[in-house]
Amino acid sequence: MKFGKKLFLLIVILIILGNFCIKKSENNSSIVFWTLQLSSFNSYINNIVENFNKPVKWVDIPYSEGEKRTLAAILSDNPPDLINLTPDFSMLLAEKNALWEIPPDSLKNYNLTDALKYNGKYYGIPFYATSAVTLYNKSLMPNLKKMPETYDEVLSIKPPKGIYTTMISLSENDTLLKILNKYDINSPETINSNKSIYIFEKIKYAYDNGYIPVESVTQSHRDAIEKYMSGQLVFIVTGANFLNMIKENAPDVYKNTVVLPQLTGTSKKYDFSLMNFIIPLKAKHKEDALEFALKLTNAENQLNFSKLTSVLPVNKKTLENAFFMQTEADNPQAQARITGAKQMNNMQPPLKNMKRKKDLNVLSSQIIQEILINKAEIKNTLNYFKKEWKKLEE
Numbered sequence: 005m006k007f008g009k010k011l012f013l014l015i016v017i018l019i020i021l022g023n024f025c026i027k028k029s030e031n032n033s034s035i036v037f038w039t040l041q042l043s044s045f046n047s048y049i050n051n052i053v054e055n056f057n058k059p060v061k062w063v064d065i066p067y068s069e070g071e072k073r074t075l076a077a078i079l080s081d082n083p084p085d086l087i088n089l090t091p092d093f094s095m096l097l098a099e100k101n102a103l104w105e106i107p108p109d110s111l112k113n114y115n116l117t118d119a120l121k122y123n124g125k126y127y128g129i130p131f132y133a134t135s136a137v138t139l140y141n142k143s144l145m146p147n148l149k150k151m152p153e154t155y156d157e158v159l160s161i162k163p164p165k166g167i168y169t170t171m172i173s174l175s176e177n178d179t180l181l182k183i184l185n186k187y188d189i190n191s192p193e194t195i196n197s198n199k200s201i202y203i204f205e206k207i208k209y210a211y212d213n214g215y216i217p218v219e220s221v222t223q224s225h226r227d228a229i230e231k232y233m234s235g236q237l238v239f240i241v242t243g244a245n246f247l248n249m250i251k252e253n254a255p256d257v258y259k260n261t262v263v264l265p266q267l268t269g270t271s272k273k274y275d276f277s278l279m280n281f282i283i284p285l286k287a288k289h290k291e292d293a294l295e296f297a298l299k300l301t302n303a304e305n306q307l308n309f310s311k312l313t314s315v316l317p318v319n320k321k322t323l324e325n326a327f328f329m330q331t332e333a334d335n336p337q338a339q340a341r342i343t344g345a346k347q348m349n350n351m352q353p354p355l356k357n358m359k360r361k362k363d364l365n366v367l368s369s370q371i372i373q374e375i376l377i378n379k380a381e382i383k384n385t386l387n388y389f390k391k392e393w394k395k396l397e398e
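Take a look at the structure:
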């Protein structure tokens, strides 16, 4: 009897261990896939996951925790196989030799791949993009003969009393650097050039004469949207996603909104924001993760995702779809989609990736505040900017 009980217990233990090993094996065979705050698209992503030829475990994490959790995971020996990130953080990881190199042939059907290149090699797969457009409230200045195409043109337009021509969040993130980049001012060697001085003089004149609100130096883009919705701004450069907010909260402004191409500079090119996928060097299923990423971003799935959101596809074939070409009268959201898609074919190369990009953003914010708020002399301030920018690149 004792032998029988022991045998029975041994069999039970072996069954439990067997099930545990099977479960562990199943987990090890699954592609672990992280996204940033995309849980509202459960049906869309789950459909792709379920129809993929290998098991995928999808985990959606809050956007604010993306970098912290990714860094912790990559430092471990068992990171996710595929992670949704921003190019800036992705390239920082590439610099640390923490990412798997993406075969160039895999990216031939995509736009904006240069933003995911480090030392001549690719370390990311594009996921989706956004490209801001210019909104014009035609009721505030109905007799404008020519629409502005560049920032220096819009900053030269004198607004009617009580309103502003536009509002640029000059101290927010890399807004100022992106504007300067459109004028090919994108290095320590160009930041104190005559062209740069000209742009800063334009901004200062507009600030001093009430063409742009004084809050342009201190407030965020969200505050600028509020001003546009309250009828205080003639123009605003913003993402297409804000049109729905304007429609719901300021229907009269929405009815008078005309969508124009994004303001640019002498380059006549447009900037963009990009989200991408990376594959950690320590990932267990690199090839499978790449295959799944290419499935997520194929022409069909990119089109479906674009129809659910206000983002733009990075797949070249998707951009050729009629959805991004057919105009709809009196529909600003459709106009924004079509305008943004056209801009995707003429993008301004972003500032080169650097380790201390955030410090450069802070420095540019300090510089514009010195010029506008403290009335510092432009040329001397830009000479200082050049010197400090060089230090950040060392």
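In this text, residue positions in the sequence shown follow the numbering used here: the first is 5, and each later residue adds one. We put the CB at the ideal spot given by N, CA and C, even for glycine. Everything numeric in this text was worked out from a predicted model, so none of it was measured.
Whole-number beta carbon distance between residue j and residue i, since they are thought to touch under 8 angstroms
i	j	result
aspartate 188	serine 271	6 angstroms
glutamate 398	leucine 367	Between leucine 367 and glutamate 398 the Cβ distance is about 14 angstroms, and since that is not below 8 angstroms, they are no contact.
lysine 286	proline 59	Actually they do not touch by this definition, with Cβ atoms about 20 angstroms apart.
leucine 180	isoleucine 372	6 angstroms
tyrosine 132	alanine 98	That belief does not hold up - the Cβ atoms of tyrosine 132 and alanine 98 are roughly 20 angstroms apart, past 8 angstroms.
aspartate 64	serine 43	4 angstroms
phenylalanine 204	isoleucine 52	In fact, because the Cβ distance is near 47 angstroms, the residues do not count as touching under 8 angstroms.
asparagine 113	lysine 320	6 angstroms
isoleucine 377	valine 238	With 8 angstroms as the limit, isoleucine 377 and valine 238 do not qualify as a contact, their Cβ atoms being about 24 angstroms apart.
valine 318	leucine 116	6 angstroms
threonine 268	lysine 199	So it is not a contact: roughly 14 angstroms between Cβ atoms.
Residue span of the alpha helix (DSSP H) that contains residue i, given as start and end
i	result
asparagine 50	46-54
alanine 338	336-347
aspartate 156	155-158
phenylalanine 93	91-99
asparagine 308	303-312
threonine 179	179-185
asparagine 253	246-253
Proximity winner among the options, relative to residue i (alpha-carbon distances)
i	options	result
aspartate 118	Ala228, Phe276, Lys361	Phe276
serine 110	Ser143, Leu294, Pro91	Leu294
tyrosine 215	Phe56, Gly166, Asn185	Gly166
lysine 61	His225, Asp85, Asn196	Asp85
glutamine 337	Thr322, Leu323, Pro354, Val315	Val315
serine 224	Glu205, Lys149, Ser369	Ser369
leucine 89	Pro66, Asp292, Ala244	Pro66
asparagine 196	Asn51, Ser310, Leu103, Lys390	Lys390
asparagine 50	Asp334, Ile201, Phe296, Lys394	Phe296
isoleucine 342	Lys356, Leu364, Lys311, Pro354	Lys311
alanine 244	Leu364, Ser68, Lys383, Asn335	Asn335
leucine 440	Tyr114, Asn115, Lys125, Leu116	The displayed coordinates of the chain run from 5 to 398. Any statement about residue 440 would go beyond what the structure contains.
leucine 96	Val318, Lys356, Gln352	Lys356
leucine 396	Tyr388, Lys359, Leu386	Lys359
asparagine 387	His289, Pro108, Lys182, Thr194	Thr194
serine 68	Asp363, Leu278, Thr170, Leu40	Leu40
asparagine 302	Phe56, Phe37, Gly344, Val36	Phe56
leucine 364	Thr74, Lys182, Asp292, Asp227	Lys182
Spatial neighbours of residue i in its chain, beta-carbon cut-off 7 angstroms, leaving aside the 5 residues before and after
i	result
asparagine 350	Lys273, Tyr274
glutamine 266	Ser135, Ala136, Val137, Thr138, Val241, Tyr274, Gln347
glycine 128	Pro91, Ser94, Ile106, Leu120, Asn280, Phe281, Ile282
lysine 361	Asp92
tyrosine 48	Asn308, Phe309, Leu312
glutamate 71	Phe93
leucine 11	Confidence at leucine 11 is low in this model, with a pLDDT of 49, below 50, so the placement of that residue should be treated as unreliable; the coordinate-derived value is given next. Excluding positions up to five away in sequence, the list is empty.
glutamine 236	Ile167, Tyr168
aspartate 81	Lys286
Where the beta strand (DSSP E) through residue i begins and ends
i	result
isoleucine 189	Element bounds for isoleucine 189: n/a, residue is neither H nor E.
tryptophan 38	35-40
isoleucine 377	Per DSSP, isoleucine 377 belongs to no beta strand (DSSP E) and is neither H nor E.
alanine 133	129-134
asparagine 280	277-282
phenylalanine 328	Where phenylalanine 328 is concerned, there is no enclosing beta strand (DSSP E), given that its DSSP letter is neither H nor E.
Chain C contact for residue i (CB, 8 angstroms cutoff)
i	result
serine 175	Looking for chain C here will not work: only one protein chain is present.
Cut-off 8 angstroms between Cβ atoms - residues of its own chain near residue i, not counting five sequence neighbours on either side
i	result
glutamate 332	Ala338, Gln339
proline 164	Leu144, Met145
tyrosine 202	Asp156
lysine 206	Tyr155, Asp156, Leu159, Ser160
glutamate 374	Ala380, Thr385
asparagine 248	Ser314, Gln337
arginine 226	none
aspartate 292	Ile35, Lys58, Asp85
Contact set for residue i: own chain, Cβ-Cβ below 6 angstroms, skip 5 residues either direction
i	result
methionine 151	Leu264
valine 262	Tyr140, Lys142
lysine 28	Confidence in lysine 28 is poor, its pLDDT being 43 and thus under 50, which makes the residue's placement too unreliable to answer from.
methionine 233	Ile250, Asn253, Ala254, Val257
proline 284	Ile78, Pro83
phenylalanine 246	Ile229
proline 192	Lys390, Trp393, Lys394
phenylalanine 37	Val60, Trp62, Leu86
threonine 405	A question about residue 405 goes unanswered here, because the residues of the chain that appear run from 5 up to 398.
Stretch pair the stretch 206-221 + the stretch 170-189: three plus CB contacts closer than 8 angstroms: The stretch 206-221 vs the stretch 170-189: in contact.
Three-pair Cβ contact test at 8 angstroms for the stretch 324-333 versus the stretch 241-254: Result no; under three Cβ-Cβ pairs closer than 8 angstroms.
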